[in-house]
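Visitor: Have a look at this one before I ask anything.
Protein chains: 4
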Amino acid sequence: MKNTFGNSISITLFGESHGEEIGVVLDGFAPGIEVDEAYIAQKLALRRPIGKISTGRVEPDHFRIVSGVFEGHTTGTPICVLIPNENVRSRDYESTRFLARPGHADYAAFCKYGGYEDYRGGGHFSGRLTAPLVTAGAIAQLALEKKGIRIGTHIARCAGIADRGFENMERDIEALAGRAFAVLDESIGVKIQSAIEQAAAEGDSVGGVLETAVTGLPAGVGEPWFDSLEGVLSHALFSIPAIKGVEFGGGFAMADMRGSEANDSFAVQNGAIVTGTNHNGGINGGISNGMPILFRCAVKPTPSIYKEQDTVDFLRRQEEKLQISGRHDPAIVHRARVVVDSVTAIVLCDMLALRYGTDYLREV
Amino acid sequence: MKNTFGNSISITLFGESHGEEIGVVLDGFAPGIEVDEAYIAQKLALRRPIGKISTGRVEPDHFRIVSGVFEGHTTGTPICVLIPNENVRSRDYESTRFLARPGHADYAAFCKYGGYEDYRGGGHFSGRLTAPLVTAGAIAQLALEKKGIRIGTHIARCAGIADRGFENMERDIEALAGRAFAVLDESIGVKIQSAIEQAAAEGDSVGGVLETAVTGLPAGVGEPWFDSLEGVLSHALFSIPAIKGVEFGGGFAMADMRGSEANDSFAVQNGAIVTGTNHNGGINGGISNGMPILFRCAVKPTPSIYKEQDTVDFLRRQEEKLQISGRHDPAIVHRARVVVDSVTAIVLCDMLALRYGTDYLREV
Amino acid sequence: MKNTFGNSISITLFGESHGEEIGVVLDGFAPGIEVDEAYIAQKLALRRPIGKISTGRVEPDHFRIVSGVFEGHTTGTPICVLIPNENVRSRDYESTRFLARPGHADYAAFCKYGGYEDYRGGGHFSGRLTAPLVTAGAIAQLALEKKGIRIGTHIARCAGIADRGFENMERDIEALAGRAFAVLDESIGVKIQSAIEQAAAEGDSVGGVLETAVTGLPAGVGEPWFDSLEGVLSHALFSIPAIKGVEFGGGFAMADMRGSEANDSFAVQNGAIVTGTNHNGGINGGISNGMPILFRCAVKPTPSIYKEQDTVDFLRRQEEKLQISGRHDPAIVHRARVVVDSVTAIVLCDMLALRYGTDYLREV
Amino acid sequence: MKNTFGNSISITLFGESHGEEIGVVLDGFAPGIEVDEAYIAQKLALRRPIGKISTGRVEPDHFRIVSGVFEGHTTGTPICVLIPNENVRSRDYESTRFLARPGHADYAAFCKYGGYEDYRGGGHFSGRLTAPLVTAGAIAQLALEKKGIRIGTHIARCAGIADRGFENMERDIEALAGRAFAVLDESIGVKIQSAIEQAAAEGDSVGGVLETAVTGLPAGVGEPWFDSLEGVLSHALFSIPAIKGVEFGGGFAMADMRGSEANDSFAVQNGAIVTGTNHNGGINGGISNGMPILFRCAVKPTPSIYKEQDTVDFLRRQEEKLQISGRHDPAIVHRARVVVDSVTAIVLCDMLALRYGTDYLREV
């Protein structure tokens, strides 16, 4: 389904980095959900570049909700949010139009679109499209929060420096909501930021790992084949540019465990069924088991670096040197964090709607 | 879409571990593709238990193609393959019906299905359902091979022991096709098998990592949002029981690289555009770039172990000790390998059909 | 999506007229719904040929539910129902393999499938596939009836003879449930049957119109764009072989009305909002308004007739005379009626599940 | 999928009658198709109100293509077209907010959306949304015309007056393309227009029947179950407001034919396989047979009339009289005609893409 994702609740994404408007259509959302534009703006702010560790292209992100919201509430019909591109310098890209930037989609896009693709600033492939995605995700989070479902993502590691893990989940998620640079241990955050600055100073970039926790999701959500929570979440997460790995619970570390260690034993706690450990990340057989959902995404280092690189001119099929100019992020892991939250929120709304109906999200 | 997956080409899976028949419907497949039942049987054989390192439940897997194949060729209409369950011992499960086996879907399924689920042998959640999946995957592989697209998966590590990586990809994939225990270095295979036997002897189980390579896929296949090759493949792969992580190319290791290292520089080789390294696993911006597709799946240790475990009776909501009896696999990583190949083949057929049409697969 | 239809609840159909088994997978159905096999058998019986007015191929329709039902109830996982083809005479079709039977799909199928299609008895195009469709529809009707939603279809006209219209809807639907030949006025039924016999005697066939009413559907079901009740129902109804027209409420007759006549004025009756007339067939803007859903399907005369016809050999592209032999229905309108009910029931379950969740159907 | 329709190629519709912008996203379209904005504007003009026989709300329809088109060609990524609402008089609707306009969706919408729906001018249900639909349809028609596939719709009857039927199809379609009032016999057009004026003068409205022909569609397009050409086309057509019936070829008239009359006999003409009659409307078994596709849509009379009507206040659940004010169409059949063409074009592009791939539309 390409640029549309989801079943009962779906999103459709459109736009290009230097086009007139970028936007998203969120469909299937229940009527009567209060839409707090300040909340959306705050989520967008978390995606915006930060000083020296980000690109110089700072977009004001003046979003407009042009349909599906009336008198402050969702109407139940498709919500379209538009964001104009205001700060574009397309000339930066003209001279390198047919030079494949290593790590970027340029050459793959050329193979697919035959030279008709909008090459300016990455076109449709640009991380810029995550801005409308965040507006849709913010609306989804507004609805989930009313249901007691909370999502938080932190930078588990970046530039080789690791944050502490989740401890008190509710409190950690709460703390992350207000942080521009999403680490649990803020002293670590300072170190990561200076490591990013260091890489930027060297004309290079860094990657990282984002770790996400979801609390409050009822047990019984997800499908065995093929719409497992893991399957649908990963499908959406891998759409976020630069994500190259997704793991749930213990993930790749489970490969080296024994069953006796990896199995999460069950217990009864205050009348509720819980597990002692949570190596399965709150998901068994593709279905939520009532424990927090836990997953991690590997974010590759931003491909746009200022160091000279070897590449090809794919039109003339000949080797070239490439020196990228323009404005670029030396790291996107801190900006991607709210995108991960957004995508997660949209997927969970859809999965909940499948089981409980689209009306479910407005019930109190 | 739950038990149906895919767009232009789709699969629908049904059945339970101890039900009368399990099966799959493969729809959208081009007419005129020769269906070699011996080839399908051979793929099924790769999934079958091996001596001491597998369960004692050995199923003959007498598959029957009951529709969509006529006079030895696909007709273009839905192909249904049925496999009867012949070797079932349902009584093994009766006494523990409401005891949640740690690491298994029992409790999550109960939350979802309210006690109506078929609990015998894992019911619909059983790895048994990967048998029909393999028959569909074998048909998909038959079509892909005619197009020069080859898929190979090896046990990259198991029980903490690592196989060598892919070297000469074509030759390695060829070699794997004929191996019952899919390692590239057969001396490593011997060590892994005895480590599995050791774990089995201790009433325990082990996990591992499967690594897959695909050669011959044309550049330009996949979508930027949301049906990236990574997104759709991971969606399907996470449906395979026990898979808890999926990474493409460098995957999680890329998180600690710098951009200058992670970026795959482009070059021209014999007139073709290639990359020097393949950290992106043959995928940029969600789209194939002509290099081999490379990914790895983390397989958790089989949750069924003979050691006593702490758990709960979820009907009475009280804590219990669980001693699993019955017949179980101390490792499934070697059996899962052909399932990964199958799922990959089905996804690639669908992605190719989207771009080139359902007729594409029969063209020569 | 071809042979799979539906979103929250879907059906997948497979098989050929002379294949080993035909079947259906019904997915997304709530767990805990009692499955009454006698009820299913009774619905299948309504589809079976009747004496002189039907084909001589009488199939016992020994259906087997091979998955998704356990201890008499749905499990919530896909329900597969298989029906073997037992009474086949494939030789009837060999000599005419490349002769396009007028009004049949033979030539169109050849254009699509390139000669690989199973030509015997119409293959995958055969009305025979409506048998599994009826089993799925019966399960859907079982669930709907528990919710107070009832569906009834009568032969509004056949061979040019008209039945009376619906009067007391609840009572009429009740009466139809038990009738092998579905007319509201049984004296008309006698006349229609003898008109069919007459056509059969002349080696010819007749068509008709089926009219369907649904009572008890809550207001608010359906979508404005594009999944209107009319849109989704018509999509499914046109899949039934021989249906060439679908109209809701006043349908084509509304084209000649004035707005003042066609508009259904609203009133309050016993506290409920109702309309005086029901020219809109219970649907406004694609959404149910609480009045009975009303629609009609045009069924073309069965294309298999014994009279000699002009046609072509599409392999050799030359004109030929065709004399159809074999066993054929001089009318199918009376057999199609339960298929219309079935398709309607499946669509309504899906539309209800979208709004209220898949769990809705099991709630009491 | 609600407001998204289509598989390989899909459209997503959003907006409300009095909202800021209405729009459409067309996804899956091949890159490299020239987008002629004048052609789109011309199609939009065919939808615009005409003098006395239409509403006084004349919108300039200043459409903007904000994504997916670059340097005059499609890029292959989603095309978003926006149209602002400029001529709105929302106050007309305030006083009657809870009065159900007979024949309109007001009450059904209230049942579905619980009072959160945007009631102004019909909100999301408004025929106004067909404007973006026409822009998407125009792009689809541009692509189809390059492939030699042409679509034409005429007013087969309106206000009880019948146009002549199609004769020379190619020439008739050509003639219709340039006509603001789409009749084949222009003297009939004059009569119909004065009949509409007459109804308008009486504060009433009229309906009609639209007949559509498609030439040049290759044989072999469509699916037996469930995505028959009839099924998918009708699904899309019933989304157009006011359409209450769809019939293919002979349609309802076939119900009274005998098989010997209804069957279209085959012949060879200049080496091509053709049928003598075309009662099946170019479709057998859900698949195109190479003959022109022919169908008719019943358009009910516009529900907004100035005559006083009986209705209810659905908030207070009490009976009221309703006198509609505002600006309304006494007939929409002539404006709906280009919407039918549009929807048809989009569906055919999708069906062609399924079989031949999304790349097909740009090949020459």
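Protein chains in written order, with our numbering: chain S, 28 to 391; chain Y, 28 to 391; chain W, 28 to 391; chain V, 28 to 391.
Glycine included, every Cβ here is placed at the ideal spot set by N, Cα and C.
This one's a predicted model, so the numbers in the text were calculated from it and none came from an experiment.
1) What does DSSP give as the partner residue(s) for Gly-59 of chain V in the beta ladder?
2) Bridge partners for Pro-111 of chain W per DSSP, in chain order?
3) Using the Cα positions of Gly-303 of chain V and Ala-380 of chain S, report the straight-line distance between them to the nearest angstrom.
4) Should Gly-384 of chain S be flagged as near chain W, meaning a C-beta pair shorter than 8 angstroms?
5) Considering only their Cβ atoms, is the gap separating Val-52 of chain S from Gly-46 of chain V smaller than 8 angstroms?
6) Determine the extent of the alpha helix (DSSP H) in which Val-217 of chain V is found, giving its start and end residues.
7) Can you tell me whether Val-217 of chain S is buried or exposed? The criterion is at least 16 other CB atoms within 10 Å of its CB, across all chains shown.
8) Check whether the region 284–293 of chain W and the region 224–237 of chain V touch, using three or more Cβ-Cβ pairs below 8 angstroms as the test.
9) Report buried or exposed for Arg-191 of chain S, applying the criterion of at least 16 other Cβ atoms within 10 angstroms of its Cβ.
10) Determine the chain Y residues that contact Tyr-387 of chain V at a beta-carbon separation under 9 angstroms, and present them in chain order.
11) Taking 8 angstroms as the CB-CB limit, is His-45 of chain S close to chain Y?
12) Ordered along the chain, which non-local residues of its own chain (more than five positions away) have a Cβ less than 7 angstroms from that of Pro-328 of chain V?
13) Use the C-beta contact count for His-89 of chain W: other C-beta atoms within 10 angstroms, 16 or more gives buried, fewer gives exposed.
14) Using only CA atoms, which one of Y:Ile-182, Y:Val-301, Y:Ser-44 lies nearest to Ser-315 of chain Y?
15) Starting from Gln-69 of chain V, follow the alpha helix (DSSP H) in both directions and report where the run begins and ends.
16) Between the region 267–284 of chain Y and the region 265–280 of chain S, can you find at least three pairs of beta-carbon atoms closer than 8 angstroms?
17) Taking Glu-144 of chain W as the query, report the chain Y residues whose CB atoms sit under 9 angstroms from its CB, ordered along the chain.
18) Please classify Ala-72 of chain S as buried or exposed, where buried requires at least 16 neighbouring CB atoms within 10 angstroms.
19) Applying a beta-carbon distance threshold of less than 9 angstroms, which residues of chain W neighbour His-131 of chain V?
20) Got a sec? Which residues, its chain only, sit under 6 angstroms from Ala-137 of chain S by beta carbon, not counting five neighbours each side?
21) Going straight from the alpha carbon of Arg-147 of chain W to that of Ser-44 of chain W, what length do you get?
22) List, in order along the chain, the chain V residues whose C-beta lies closer than 7 angstroms to that of Asn-307 of chain W?
23) When DSSP labels each residue in this structure, what does His-100 of chain W get in the three-state scheme?
24) In whole angstroms, give me the CA-to-CA distance for Glu-250 of chain S and Thr-39 of chain Y.
25) Is His-151 of chain W close to chain Y, meaning its C-beta is less than 8 angstroms from at least one C-beta of that chain?
26) So, under 8 angstroms CB-CB, Thr-101 of chain V and Ala-65 of chain V are touching, yes? Tell me the CB distance rounded to an integer number of Å.
27) How many Å lie between Ile-166 of chain S and His-181 of chain S at the Cα?
28) Using the DSSP secondary-structure output, state which residues sit across from Leu-321 of chain V in a beta bridge.
29) In chain S, what lies closer than 7 angstroms to Gln-140 of chain V by C-beta?
30) Counting only Cβ pairs nearer than 7 angstroms, list the residues of chain V close to Asn-34 of chain Y.
31) Please work out which residues of its chain come closer than 8 angstroms, Cβ to Cβ, to Val-339 of chain Y, disregarding the five sequence neighbours upstream and downstream, and give them in chain order.
32) Using a Cβ distance threshold of 8 angstroms, determine whether the region 364–377 of chain W contacts the region 236–251 of chain W, with at least three qualifying pairs required.
33) Note down the Cα distance separating Ala-269 of chain S from Ser-221 of chain Y, rounded to an integer number of angstroms.
34) Using beta carbons (cut-off 8 angstroms, strictly below), is Glu-274 of chain V in contact with chain W?
35) Quick check on the burial criterion: 16 or more other C-beta atoms within 10 angstroms. Buried or exposed for Asp-212 of chain S?
36) Against chain Y, with Cβ distances strictly below 8 angstroms, would Pro-268 of chain V count as a contact?
Guide: Reading from the atomic positions:
1) Per DSSP, none; premise fails for Gly-59 of chain V.
2) Residue pairing from DSSP places Pro-111 of chain W in a beta bridge opposite W:Glu-48.
3) Here the alpha carbons of Ala-380 of chain S and Gly-303 of chain V stand approximately 51 angstroms from one another.
4) Yes, its Cβ sits closer than 8 angstroms to a Cβ of chain W.
5) Cβ distance not < 8 angstroms, so Gly-46 of chain V and Val-52 of chain S don't count as in contact.
6) Where Val-217 of chain V is concerned, the enclosing alpha helix (DSSP H) starts and stops at 213–228.
7) Of the other Cβ atoms in all chains shown, fewer than 16 fall within 10 Å of the Cβ of Val-217 of chain S; this residue is therefore exposed.
8) Note that the region 284–293 of chain W touches the region 224–237 of chain V; at least 3 beta-carbon pairs, one per stretch, sit closer than 8 angstroms.
9) Here Arg-191 of chain S is exposed, its C-beta having fewer than 16 other C-beta atoms within 10 Å.
10) For Tyr-387 of chain V, the neighbours in chain Y by C-beta distance under 9 angstroms run, in chain order, Tyr-383, Gly-384.
11) Chain Y has no Cβ within less than 8 angstroms of the Cβ of His-45 of chain S.
12) The beta carbon of Pro-328 of chain V lies closer than 7 angstroms to those of Ser-232, Val-233, Gly-234 in the same chain, with the five residues before and after it left out.
13) Around the beta-carbon of His-89 of chain W, fewer than 16 other beta-carbon atoms lie within 10 Å, marking it exposed.
14) Residue Y:Val-301 holds the alpha-carbon nearest to the alpha-carbon of Ser-315 of chain Y among Y:Ile-182, Y:Val-301, Y:Ser-44.
15) First-last of the alpha helix (DSSP H) with Gln-69 of chain V: 64–74.
16) Contact between the region 265–280 of chain S and the region 267–284 of chain Y is present: three or more C-beta pairs spanning the two stretches fall below 8 angstroms.
17) Ordered by position in chain Y, the residues that pass the 9 angstroms Cβ test against Glu-144 of chain W are Pro-58, Phe-97, Thr-102, Gly-103, Thr-104.
18) Under this definition Ala-72 of chain S is an exposed residue.
19) Residues of chain W passing the Cβ test: Asn-290, Asn-311, Gly-312.
20) For the record, residue 137 of chain S in the displayed sequence is Phe; it is not Ala. The beta carbon of Phe-137 of chain S sits closer than 6 angstroms to those of Phe-341, all from its chain and outside the five residues before and after it, given in chain order.
21) Going by the C-alpha atoms only, they are around 7 angstroms apart.
22) Chain V residues near Asn-307 of chain W: Gly-130.
23) Strand.
24) Distance between the alpha carbons of Glu-250 of chain S and Thr-39 of chain Y is about 13 angstroms.
25) Contact of His-151 of chain W with chain Y is assigned, a C-beta pair being separated by under 8 angstroms.
26) With 8 angstroms as the limit, Thr-101 of chain V and Ala-65 of chain V do not qualify as a contact, their Cβ atoms being about 16 angstroms apart.
27) Cα atoms of Ile-166 of chain S and His-181 of chain S: separation of roughly 20 angstroms, rounded to the nearest angstrom.
28) Its beta-bridge partners are V:Ala-240.
29) Note that residue 140 of chain V corresponds to Tyr in the displayed sequence, not to Gln. Going along chain S in sequence order, the residues near Tyr-140 of chain V (Cβ under 7 angstroms) are Pro-58, Thr-102, Gly-103.
30) Here the neighbours are Asn-34.
31) The beta carbon of Val-339 of chain Y is closer than 8 angstroms to those of Leu-126, Ala-127, Tyr-134, Gln-345, Glu-346, Glu-347 in its chain, skipping five residues each way along the sequence.
32) Yes, since at least three Cβ pairs between the region 364–377 of chain W and the region 236–251 of chain W fall closer than 8 angstroms, the two stretches touch.
33) Distance between the alpha carbons of Ala-269 of chain S and Ser-221 of chain Y: 39 angstroms.
34) Closer than 8 angstroms: yes.
35) Asp-212 of chain S counts as exposed, since fewer than 16 other C-beta atoms from the protein chains shown sit within 10 angstroms of its C-beta.
36) False, the Cβ-Cβ gap to chain Y never drops below 8 angstroms.
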